[in-house]
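Asks: Handing you this structure, nothing more for now.
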Amino acid sequence: MASARTWRYNVFPSFHGGDIRKTFLSHLRKQFNSNGITMFDDQGIERSQTIAPALIQAIRESRISIVVLSKNYASSSWCLNELVEILKCKDVVMPIFYEVDPSDVRKQTGDFGKAFKNSCKSKTKEERQRWIQALIFVGNIAGEHSLKWFVCFRSTNFGAFF
Amino acid sequence: MIEKIAKDVSDKLNATPSKDFDAFVGLEFHIRELSSLLYLDYEQVRIVGICGPAGIGKTTIARALQSLLSSNFQRSCFMENVRGSLNIGLDEYGLKLDLQERLLSKIMNQKGMRIEHLGTIRDRLHDQKVLIILDDVNDLDLYALADQTTWFGPGSRIIVTTEDNELLQKHDINNVYHVDFPSRKEALEIFCRCAFRQSSAPDTILKLAERVTELCGNLPLGLCVIGSSLHGKTEDEWEILIRRLEISLDRDNEAQLRVGYDSLHENEQALFLSIAVFFNYKDRQLVMAMLLDSNLDVEYGLRTLANKSLIHISRNEKIVMHNLLQHVGRQAIQRQEPWKRHILIDADEICNVLENDTVSIPRSKLNHIVKIHRSYILCSRFLTFVIFFQDARIVSGISFDISRIGEVFLSERAFKRLCNLQFLRVFKTGYDEKNRVRIPENMEFPPRLRLLQWEAYPRRSLSLKLNLEYLVELDMEGSLLEKLWDGTQVSYHKFISLMMLYIFSLYSDVSTLTSGLHSAPCKSQEDVFVKFMVFKETSGSVKCYKSRRIGSESLPEFSRASFLLFLSA
Chain G
108 MASARTWRYN VFPSFHGGDI RKTFLSHLRK QFNSNGITMF DDQGIERSQT
158 IAPALIQAIR ESRISIVVLS KNYASSSWCL NELVEILKCK DVVMPIFYEV
208 DPSDVRKQTG DFGKAFKNSC KSKTKEERQR WIQALIFVGN IAGEHSLKWF
258 VCFRSTNFGA FF
Chain C
24 MIEKIAKDVS DKLNATPSKD FDAFVGLEFH IRELSSLLYL DYEQVRIVGI
74 CGPAGIGKTT IARALQSLLS SNFQRSCFME NVRGSLNIGL DEYGLKLDLQ
124 ERLLSKIMNQ KGMRIEHLGT IRDRLHDQKV LIILDDVNDL DLYALADQTT
174 WFGPGSRIIV TTEDNELLQK HDINNVYHVD FPSRKEALEI FCRCAFRQSS
224 APDTILKLAE RVTELCGNLP LGLCVIGSSL HGKTEDEWEI LIRRLEISLD
274 RDNEAQLRVG YDSLHENEQA LFLSIAVFFN YKDRQLVMAM LLDSNLDVEY
324 GLRTLANKSL IHISRNEKIV MHNLLQHVGR QAIQRQEPWK RHILIDADEI
374 CNVLENDTVS IPRSKLNHIV KIHRSYILCS RFLTFVIFFQ DARIVSGISF
424 DISRIGEVFL SERAFKRLCN LQFLRVFKTG YDEKNRVRIP ENMEFPPRLR
474 LLQWEAYPRR SLSLKLNLEY LVELDMEGSL LEKLWDGTQV SYHKFISLMM
524 LYIFSLYSDV STLTSGLHSA PCKSQEDVFV KFMVFKETSG SVKCYKSRRI
574 GSESLPEFSR ASFLLFLSA
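Sequence order for the protein chains is G and C. Residue numbers 108 to 269, in this note's numbering, belong to the letters of the first sequence in order. Residue numbers 24 to 592, in this note's numbering, belong to the letters of the second sequence in order.
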């Protein structure tokens, strides 16, 4: 049986700051606050190529993780490394496909794919392979575990919604 | 949209690996064995059986599985007590519809769902990855709820628990986990968890604990009941119980459960028997209302029974007694001397009581008869009922299974004699249309009736006098009933309020109740647990359809249906 442990955060969000920090994520945070769901806040952690120890710590101390896959998510190797780390240690991962088709994530095609290819330049083959594996995995969670999320996010236009 | 995400996240957070099952000895092993049978990576639908004798822990294993696995599925539901809660008044098709309605309501999380045909389950679920647990099923349940794997979306898992391996074979369920009895070591640990609330016994009492475990056999339920009954007891009391266990000649598993019952105080025994016969799977509040002014401290009694592992109060406040313990209760009633019985369950005995007008015999003479004919009494039904009549006044409950009796003509005065009868249940355990109970024109119901449940009641109206003053639950499923009373018509609001009066008097005053009923939705109604009849218009004629739980959500539905409720002036 899983040993009982206490978590510091309910949710660890992984996202591309430029795409959604000011919009979608801030709405999500507001809603979570009112529902009593705690979410890790990365303000103040310095961005760099390698993933910061403080982030790894936060991932480990969060009960579940939400990965918001937006158009430019894969353009940041920081995001991709974070994703690999999340998949390594989290049982419950909920992907949200934000104006992105899950199959583009799986196959690294479309705009999402273009951004990804850019990030892959000057990376070792191993590193690339790790990222691809991770994207295939989250891309598949959609069909497998969270079909309804996939449906509702594809069929609505967020711009109109807010 | 954002709200929906927050809700989904919240649901996921609630699905934490629970600690509820940590005390279940050997669970890890069961789960490991089952996970290879469930084969969660497999994309097709899979039905898995859990098979084993009553009391071995099938339901607990299934519950643990649900709590561990449900987050991997889009929807999940646990259908408890499937076999025990059948609505007997319906024919086979109706039963199947009823079962599917319940499953769909539960899994869609939408109360009171109505379906019109048996294909609905497939229509709604074929594209969903679901986890469904059917606890304690029979043949019909399986046909109704899990006949074909194509009903459910890819990756779905259906888990079925039963005592009957042949049933699984018949339905081609080949992935079956047979739950084994615990080893001696595990048995001791189960016992210790109940007796000491820890996994091993203190050294001073270890020898006694081992001795008791040995006497108990290795049925987990029995170990729990005996262990809990010894919690916090002195060594002397242990010795007494050990002697009692040694004396009980038959070493079958029920023997230990019987010892658990025997070691209760008289009041708790009475409560135990009422639950076993009338109130299993009923809401706690309802039972409290039923037993109000019964001289029992019901709240305390329930707590004691729960502490002794004889009942279990579920998360939604239902009182659940294991069917093996229910059986022990019924046996305990049969072991009582006939003239001391407060609850009657034997169909022949009840026929005698309800059919005959007998002259009562003075007690002094009665004792005489008893002395002289002691040897006869055991075998002579005649004497049994003569003696029984002497104390018809002590009878508080009748549970009358009419499926195996010949015709019975109720006597006009039958219920008059049973002036303290509070709980009356008449039911069939099989479906047939034959009416076996003939009711005279002028019969009166007992004045203190609290529970009146009469499946397939044979008349069109309750023309008999029924005192509403004490009535808590009226349940006439599948009966011919078209109206309740001849006389003045009252609105159904008034009717419900009368029915609920006694439940509400427990915690709030009646005025809030009656006003609340007219303006749904109303918070207080959610606490109301009265079964109520819905008359559904079918092809011009009005039929009593089924009972529904009253809650704010179902109220609009009520008002759309047509009602014919009458109350005598």
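We put the CB at the ideal spot given by N, CA and C, even for glycine.
Of the choices C:R267, C:D320, C:I270, whose alpha-carbon is the least far from that of I292 of chain C?
Replies: On the second sequence, residue 292 of chain C is found 269 positions in, with the first residue counted as 1. Per the sequence shown, the amino acid found at residue 292 of chain C is Gln instead of Ile. Ranking the options by Cα distance to Q292 of chain C, first place goes to C:D320.
Asks: In its own chain, which residues sit with a C-beta less than 6 Å from the C-beta of L231 of chain C, not counting the 5 before and 5 after it?
Replies: As a working mapping, residue 231 of chain C is identified with position 208 in the second sequence. W261, listed in sequence order.
Asks: Contact criterion: CB-CB distance below 8 Å. Does R170 of chain G meet it with respect to chain C?
Replies: Taking the first sequence and counting its residues from 1, the one referred to as residue 170 of chain G is at position 63. Yes, R170 of chain G counts as interfacial toward chain C.
Asks: Quick one: residues in its chain with C-beta nearer than 6 Å to the C-beta of A370 of chain C, no 5 flanking neighbours on either side, listed in chain order?
Replies: Start at 1 with the first residue of the second sequence, and residue 370 of chain C comes out as number 347. Cβ neighbours of A370 of chain C beyond the five flanking positions: D424, I428.
Asks: Within the continuous beta strand (DSSP E) that includes S99 of chain C, where are the two ends?
Replies: What you label residue 99 of chain C is simply residue 76 of the second sequence in a count that begins at 1. 98-102 is the span of the beta strand (DSSP E), which, as asked, contains S99 of chain C.
Asks: Using a Cβ-Cβ distance under 8 Å, would V118 of chain G count as near chain C?
Replies: Here residue 118 of chain G refers to the residue found at position 11 of the first sequence. For V118 of chain G, the answer is yes, since a Cβ of chain C falls inside 8 Å of its Cβ.
Asks: Whole angstroms is fine: what's the gap from I155 of chain C's alpha carbon to R235 of chain G's?
Replies: Taking the second sequence and counting its residues from 1, the one referred to as residue 155 of chain C is at position 132. Taking the first sequence and counting its residues from 1, the one referred to as residue 235 of chain G is at position 128. Cα to Cα, the separation comes out at about 40 Å.
Asks: Quick one: is R167 of chain C near chain G, going by C-beta distance under 8 Å?
Replies: Counted from its first residue, the second sequence places residue 167 of chain C at position 144. For the record, residue 167 of chain C in the displayed sequence is Ala; it is not Arg. No, A167 of chain C lies away from the interface with chain G (no Cβ there is under 8 Å from its Cβ).
Asks: So, is the C-beta of F219 of chain G closer than 8 Å to a C-beta in chain C?
Replies: Position 112 of the first sequence, counting from 1, holds the residue named residue 219 of chain G. Chain C contact via Cβ: absent.
Asks: Beta carbon of C215 of chain C, beta carbon of C247 of chain C: below 8 Å?
Replies: Here the question's residue 215 of chain C lines up with position 192 in the second sequence. Here the question's residue 247 of chain C lines up with position 224 in the second sequence. Cβ distance not < 8 Å, so C215 of chain C and C247 of chain C don't count as in contact.
Asks: Taking only the alpha-carbon atoms, compute the straight-line gap between G125 of chain G and M344 of chain C and give it to the nearest angstrom.
Replies: Residue mapping note: residue 125 of chain G aligns to position 18 of the first sequence, counting from 1. Residue mapping note: residue 344 of chain C aligns to position 321 of the second sequence, counting from 1. Roughly 58 Å separates the two Cα atoms.
Asks: Using alpha carbons as the reference points, say which of C:E340, C:V199, C:A479 lies closest to L61 of chain C.
Replies: To locate residue 61 of chain C, count along the second sequence from 1; it is residue 38. The shortest Cα separation from L61 of chain C among C:E340, C:V199, C:A479 belongs to C:V199.
Asks: DSSP puts W477 of chain C in a beta bridge; with which residues?
Replies: Translated into positions along the second sequence, residue 477 of chain C becomes position 454. For W477 of chain C, which the question treats as bridged, DSSP gives the partners C:V449.
Asks: Shortest alpha-carbon distance to I673 of chain C belongs to which of C:S251, C:C239, C:D159, C:L253?
Replies: Because chain C here runs from 24 to 592, residue 673 of chain C falls outside it and cannot be looked at.
Asks: When the cut-off is 8 Å and only beta carbons count, does L190 of chain G lie next to chain C?
Replies: The residue given as residue 190 of chain G occupies position 83 in the first sequence. Answer no: the Cβ-Cβ gap between L190 of chain G and chain C never drops below 8 Å.
Asks: In the structure shown, what three-state DSSP assignment does V597 of chain C receive?
Replies: Residue 597 of chain C lies beyond the residue range present for chain C, which begins at 24 and ends at 592; the question has no answer from this structure.
Asks: Got a sec, what are the start and stop residues for the beta strand (DSSP E) Y116 of chain G sits in?
Replies: Here residue 116 of chain G refers to the residue found at position 9 when the first sequence is read from its first residue. Y116 of chain G -> beta strand (DSSP E) spans 116-121.
Asks: Please list the partners that Q138 of chain G has in chain C, where partner means a Cβ-to-Cβ separation under 9 Å.
Replies: As a position in the first sequence, residue 138 of chain G is number 31, starting the count at 1. Going along chain C in sequence order, the residues near Q138 of chain G (Cβ under 9 Å) are I25, E26, I28, A29.
Asks: Within the chosen definition, does the stretch 335-354 of chain C reach the stretch 298-318 of chain C through at least 3 CB pairs nearer than 8 Å?
Replies: The answer is yes - the stretch 298-318 of chain C touches the stretch 335-354 of chain C, with three or more Cβ pairs under 8 Å.
Asks: Consult DSSP for P202 of chain G and reduce its assignment to one of helix, strand or coil.
Replies: As a first step, residue 202 of chain G must be located in the first sequence, where it is residue number 95. In this structure, P202 of chain G counts as strand in the three-state DSSP scheme.
Asks: Would a C-beta distance cut-off of 8 Å place D146 of chain C and G176 of chain C closer than the cut-off?
Replies: Counting from one through the second sequence, the residue named residue 146 of chain C turns up at place 123. Counting from one through the second sequence, the residue named residue 176 of chain C turns up at place 153. No.
Asks: Which bits of chain G does S33 of chain C rub up against, with CB to CB less than 7 Å?
Replies: Position 10 of the second sequence, counted from the first residue, corresponds to residue 33 of chain C. Those are N142, I144, listed as they occur along chain G.
Asks: Assuming contact is defined by CB atoms lying nearer than 8 Å, are L377 of chain C and S434 of chain C in contact in what I supplied?
Replies: Position 354 of the second sequence holds residue 377 of chain C. Position 411 of the second sequence holds residue 434 of chain C. It is a contact, given that the beta carbons lie within the stated cut-off.
Asks: When you compare the CB positions of L447 of chain C and V418 of chain C, do they come within less than 8 Å of one another, or not?
Replies: Within the second sequence, numbered from 1, the residue matching residue 447 of chain C stands at position 424. Within the second sequence, numbered from 1, the residue matching residue 418 of chain C stands at position 395. Cβ distance not < 8 Å, so L447 of chain C and V418 of chain C don't count as in contact.
Asks: For a contact meaning CB atoms closer than 8 Å, what does H123 of chain G contact in chain C?
Replies: Position 16 of the first sequence holds residue 123 of chain G. Neighbours of H123 of chain G on chain C: none; closest Cβ ~17 Å, over 8 Å.
Asks: By DSSP's criteria, S332 of chain C is part of a beta bridge. Which residues make up the other side?
Replies: Counting from one through the second sequence, the residue named residue 332 of chain C turns up at place 309. Note: S332 of chain C sits in no beta bridge, so no partner.
Asks: With DSSP as the reference, please indicate the residues paired to L154 of chain C in a beta bridge.
Replies: Sequence index remark: in the second sequence, residue 154 of chain C carries index 131 (1-based). In the DSSP output, where bridge partners are listed per residue, L154 of chain C has C:S99, C:R180.
Asks: Does DSSP put G563 of chain C in a helix, in a strand, or in coil?
Replies: As a working note, residue 563 of chain C is residue 540 in the second sequence. Low confidence applies here, because G563 of chain C scores a pLDDT of 24, under 50, leaving its location unreliable; read the following figure in that light. G563 of chain C: coil per DSSP, three-state reduction.
Asks: Please decide whether I127 of chain G counts as near chain C, where near means a Cβ-Cβ distance under 8 Å.
Replies: Counted from its first residue, the first sequence places residue 127 of chain G at position 20. No, I127 of chain G lies away from the interface with chain C (no Cβ there is under 8 Å from its Cβ).
Asks: Let's test the definition: count the other Cβ atoms within 10 Å of the Cβ of E212 of chain C and tell me whether it reaches 16, buried, or not, exposed.
Replies: Along the second sequence, one-based indexing puts residue 212 of chain C at 189. Looking at its Cβ environment, which holds 16 or more other Cβ atoms inside 10 Å, E212 of chain C is buried.
Asks: If the criterion is Cβ atoms closer than 8 Å, does the pair L14 of chain C and I373 of chain C meet it?
Replies: Chain C is shown only over 24 to 592; residue 14 of chain C falls outside these bounds and no answer can be derived.
Asks: Which residues in chain G have a C-beta closer than 7 Å to the C-beta of L88 of chain C? List them in chain order.
Replies: Position 65 of the second sequence, counted from the start, is the residue given in the question as residue 88 of chain C. What L88 of chain C touches in chain G: nothing, since even the nearest Cβ is about 12 Å away.
Asks: Using only alpha-carbon positions, find the residue among G:V174, G:C186, G:D218, G:L135 that is nearest to K27 of chain C.
Replies: Taking the first residue of the second sequence as 1, we reach residue 27 of chain C at position 4. Residue G:L135 is the option with its Cα nearest to K27 of chain C.
Asks: Could you tell me how far apart the beta carbons of P202 of chain G and L162 of chain G are, in whole angstroms, since I believe they sit closer than 8 Å?
Replies: The residue labelled residue 202 of chain G in the question sits at position 95 within the first sequence. The residue labelled residue 162 of chain G in the question sits at position 55 within the first sequence. 19 Å between Cβ atoms; not a contact.
Asks: So what does L185 of chain C bridge to, in DSSP terms?
Replies: Here residue 185 of chain C refers to the residue found at position 162 of the second sequence. The amino acid occupying residue 185 of chain C in the given sequence is Thr; Leu does not appear at that position. DSSP lists C:C74 as partners of T185 of chain C.
Asks: Less than 8 Å between CB atoms is the rule here; does I163 of chain G satisfy it with respect to chain C?
Replies: Walking along the first sequence from the start, residue 163 of chain G turns up at place 56. Not one chain C Cβ lies under 8 Å of I163 of chain G.
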